[in-house]
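**Q**
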Amino acid sequence: MAWLYLVIAGLFEVAWAIGLKYTNGFSRVWPSALTILAMIISFGFLAQALKTIPVGTGYAVWTGIGAMGTATLGMILFSEPASWMRLGSIGLILAGIIALKATS
-16 MAWLYLVIAG LFEVAWAIGL KYTNGFSRVW PSALTILAMI ISFGFLAQAL
34 KTIPVGTGYA VWTGIGAMGT ATLGMILFSE PASWMRLGSI GLILAGIIAL
84 KATS
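Reading the sequence shown from the start, the letters are residues -16 to 87 in the working numbering.
Given below as structure tokens:
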């Protein structure tokens, strides 16, 4: 169950990272409120996951999911570059997450 909590925490990390773009420096009320809510949910699930998963592994996976998801959505939503180097780097993050899961 802890790994499920960690994945959910990572997905909400993606949500708040993308949400930051829509807050316009926290000057827009509803995007700001939803972003802060996503932050709280993300940290809550991360805290639950870290009851069982080692903190180094949990934090690395959480940030890895966030980095992969945010970079991917940045390419889709904001037309950020999708170069082979960038895609390959996202693939390396995924490989790291898989390796951490396999060794935990």
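Glycine residues also receive a C-beta, built at the ideal position from the N, C-alpha and C atoms.
How would you write the range of the alpha helix (DSSP H) that residue 69 sits in, first residue to last?
**A** 67 to 85
**Q** Could you tell me the alpha carbon to alpha carbon distance between residue 53 and residue 21, rounded to whole angstroms?
**A** Approximately 14 Å, taken between the alpha carbons.
**Q** How many angstroms separate the CA atom of residue 77 from the CA atom of residue 56?
**A** Between residue 77 and residue 56, the C-alpha separation is close to 15 Å.
**Q** Can you give me the start and stop residues for the alpha helix (DSSP H) that residue 55 sits inside?
**A** 38 to 60
**Q** With DSSP run on the structure shown, which of helix, strand or coil describes residue 15?
**A** helix
**Q** Find out if the Cβ-Cβ distance for the pair residue 24, residue -5 is shorter than 8 Å.
**A** yes
**Q** With a Cβ-Cβ cutoff of 8 Å, do residue 45 and residue -7 count as a contact?
**A** With respect to residue -7, residue 45 sits close: the two C-beta atoms are nearer than 8 Å.
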